[in-house]
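Asker: Residue numbers (this note's numbering): 2 to 343. Ideal placement from N, C-alpha and C gives every residue a C-beta, glycine not left out.
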């Protein structure tokens with residue numbers, strides 16, 4: 002690492018953080034947040050955490066920024082604050098932030114010293130995963146083995162959290178959007194009539210989308226051998242449909258991925274993940290102990306079975322993430338009506 006580059010990136014990150022507080026234009030704040038996420042991506046790359054950088058680029062600088070734009074599009078660019086109570090609100094917020102900061106600083110006293118070689122993480126935790134990944138799972142990417150195997154419980158429930166977030170957006174905007182109770186017939190049908198009417202953008206989008214989707218499938222299938230996985234690949238897949246929605250029309254996506262389809266895919270993805278764990282239980286092992294799958298997977302050992310099971314888990318995560326990303330965008334950009342987008 003080059004410390005001058007690290008210092009420059011950290012300085013820009015701090016500047017972006019302060020700018021988001023000062024800027025009153027919400028659209029401008031969303032743009033700054035996108036720049037902030039991109040800088041974090043560069044910082045993680047500089048630190049060698051390529052998987053984290055990949056996630057930050059796809060989620061933080063990519064989809065999250067578009068979701069911010071969608072929310073601003075359906076609300077307002079400027080926050081209107083009442084003159085009365087403004088000082089009191091800022092005082093309470095500052096006091097709460099200061100109190101939480103003091104609590105967090107006090108908690109750091111229990112942490113081991115900076116770069117302490119005798120800390121638990123350095124003595125037995127990290128070496129266990131570093132030295133045991135290849136013999137245990139035959140997976141070169143240690144990040145994938147940790148996320149999908151060693152701590153598979155956490156990743157499964159993180160997928161459930163993503164599903165819950167999508168359901169929350171659906172419930173909230175379903176009430177504010179005054180939608181009809183009919184899940185599919187309420188969707189507008191017919192030819193595409195709205196959207197960003199630019200022939201060049203539409204042509205380039207139509208040409209690029211298959212390659213982007215192919216890259217997303219590669220990220221999913223090859224995530225246990227190189228940076229990537231189900232989460233990043235699912236976000237990229239969802240982003241391709243968002244790109245089509247922006248370039249053409251929201252109807253182009255909703256006609257293919259309506260509300261019922263998205264919910265079905267999201268639940269199917271989580272069911273694949275939990276189903277693999279349940280299958281391990283049926284075979285007499287612990288939940289998500291993939292080595293038990295060697296009994297039913299032909300030509301596999303307990304080691305290679307863990308590697309192949311991770312691919313199944315990544316596919317489930319990708320399905321859930323892709324469907325929820327599309328579902329959240331469709332509801333945010335149309336205020337729950339599925340009629341007009343960006």
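Can you tell me whether DSSP reads residue 52 as helix, strand or coil?
Answerer: Correct three-state label for residue 52: helix.
Asker: Determine the direct distance from the alpha carbon of residue 168 to that of residue 246, and round the result to whole angstroms.
Answerer: Their Cα atoms are separated by approximately 21 Å.
Asker: Kindly indicate which residue of 227, 255, 57 and 23 has the alpha-carbon position closest to the one of residue 324.
Answerer: It is 255.
Asker: Tell me which same chain residues have a C-beta within less than 6 Å of the C-beta of residue 194, skipping the five on either side of it?
Answerer: Caution applies to residue 194, whose pLDDT of 42 falls short of 50 and renders its modelled position unreliable; the value that the coordinates give is listed next. Once the five neighbours on either side are set aside, residue 194 has no close Cβ partner at all.
Asker: Is the number of C-beta pairs between the stretch 325-337 and the stretch 64-78 that are closer than 8 Å three or more?
Answerer: Touching, yes, given that three or more Cβ pairs across the two stretches are closer than 8 Å.
Asker: Using a Cβ-Cβ cut-off of 8 Å (strictly less than) and excluding sequence neighbours within five positions of residue 240, which residues of its own chain qualify?
Answerer: Correct list, in chain order: 59, 63, 64, 67, 213 and 326.
Asker: How many whole angstroms separate the CB atoms of residue 31 and residue 45, which I take to be in contact at a CB cut-off of 8 Å?
Answerer: With a Cβ gap of about 21 Å, residue 31 and residue 45 do not count as contacting.
Asker: With a Cβ-Cβ cutoff of 9 Å, do residue 209 and residue 244 count as a contact?
Answerer: Closer than 9 Å, so yes.
Asker: Which word fits residue 4, buried or exposed, when buried means at least 16 other C-beta atoms lie within 10 angstroms of its C-beta?
Answerer: Burial call: exposed.
Asker: Answer with buried or exposed for residue 318, where buried requires no fewer than 16 other C-beta atoms within 10 angstroms of its C-beta.
Answerer: So residue 318 ends up on the buried side.
Asker: Could you check what DSSP says for residue 79 in three-state terms: helix, strand or coil?
Answerer: Note: residue 79 maps to strand in three-state DSSP.
Asker: Please determine, among 314, 248 and 329, the residue with the shortest C-alpha to C-alpha distance to residue 258.
Answerer: Considering only alpha carbons, the answer is 329.
Asker: Between residue 160 and residue 295, is the Cβ-Cβ spacing less than 9 Å?
Answerer: Not a contact, by the Cβ cut-off of 9 Å.
Asker: Is the beta carbon of residue 159 within less than 8 Å of some heavy atom of the ligand MG?
Answerer: Ligands are entirely absent from the displayed structure, and the ligand MG is therefore not among its contents.
Asker: As a quick exercise: from 8, 172 and 299, pick the residue whose alpha carbon is nearest that of residue 264.
Answerer: Comparing Cα-Cα distances from residue 264 to each of 8, 172 and 299, the minimum goes to 172.
Asker: Find out if the Cβ-Cβ distance for the pair residue 145, residue 52 is shorter than 9 Å.
Answerer: Their beta carbons are under 9 Å apart, which means residue 145 touches residue 52 by this criterion.
Asker: In angstroms, rounded to a whole number, what distance separates the CA positions of residue 341 and residue 242?
Answerer: Using only the alpha carbons, I get a separation of about 15 Å.
Asker: Could you please give me the residues that DSSP links to residue 26 through a beta bridge?
Answerer: DSSP output for residue 26 lists 79 as bridge partner(s).
Asker: Could you check how far apart the C-beta atoms of residue 34 and residue 69 are, in whole angstroms? I think they sit under 8 Å.
Answerer: Confirmed, about 6 Å.
Asker: With a CB to CB cut of under 6 Å and the five nearest residues on each side skipped, what residues in its chain are close to residue 224?
Answerer: The residues are 145, 230 and 315.
Asker: Note down, in chain order, each residue of its chain lying with its Cβ closer than 8 Å to the Cβ of residue 151, except the 5 sequence neighbours on either side.
Answerer: Within the same chain, residue 151 has close Cβ partners 130.
Asker: How long is the line joining the alpha carbons of residue 47 and residue 40, rounded to whole angstroms?
Answerer: Straight-line Cα distance between these residues: approximately 10 Å.
Asker: Residue 157 and residue 274 look like a contact to me (Cβ under 8 Å); what is the Cβ gap, rounded to whole Å?
Answerer: Right, their Cβ atoms sit about 5 Å apart.
Asker: Of the choices 149, 102, 13 and 305, whose alpha-carbon is the least far from that of residue 232?
Answerer: It is 149 whose Cα lies nearest to the Cα of residue 232.
Asker: Leaving aside the five residues before and after residue 184 along the sequence, list all residues of the same chain whose C-beta is less than 6 Å from its C-beta, in chain order.
Answerer: With a pLDDT of only 45 at residue 184, under the threshold of 50, the placement of this residue in the model should not be trusted; the figure read from the coordinates follows. Hits under 6 Å: 260 and 261.
Asker: When you compare each of 278, 266, 147 and 38 to residue 164 by their alpha carbons, which one comes out closest?
Answerer: With distances taken between Cα atoms, residue 164 lies closest to 266.
Asker: Can you give me the C-alpha to C-alpha distance between residue 109 and residue 121, rounded to a whole angstrom?
Answerer: Rounded to whole angstroms, residue 109 to residue 121 spans 15 Å at the Cα level.
Asker: Going along the chain, which residues of its own chain have a beta-carbon closer than 8 Å to the beta-carbon of residue 216, five neighbours each way excluded?
Answerer: Same-chain partners within the cutoff: 237.
Asker: Where does residue 219 sit, in a helix, a strand or coil, going by DSSP?
Answerer: The answer is helix: DSSP assigns residue 219 an H, G or I state.
Asker: Helix, strand or coil: how does DSSP classify residue 120 here?
Answerer: Three-state DSSP puts residue 120 in coil, outside helix and strand.
Asker: What first and last residue would you give for the alpha helix (DSSP H) that runs through residue 136?
Answerer: Start and end: 127-138.
Asker: Measuring only the C-alpha atoms, how far is residue 50 from residue 42?
Answerer: Cα to Cα, the separation comes out at about 9 Å.
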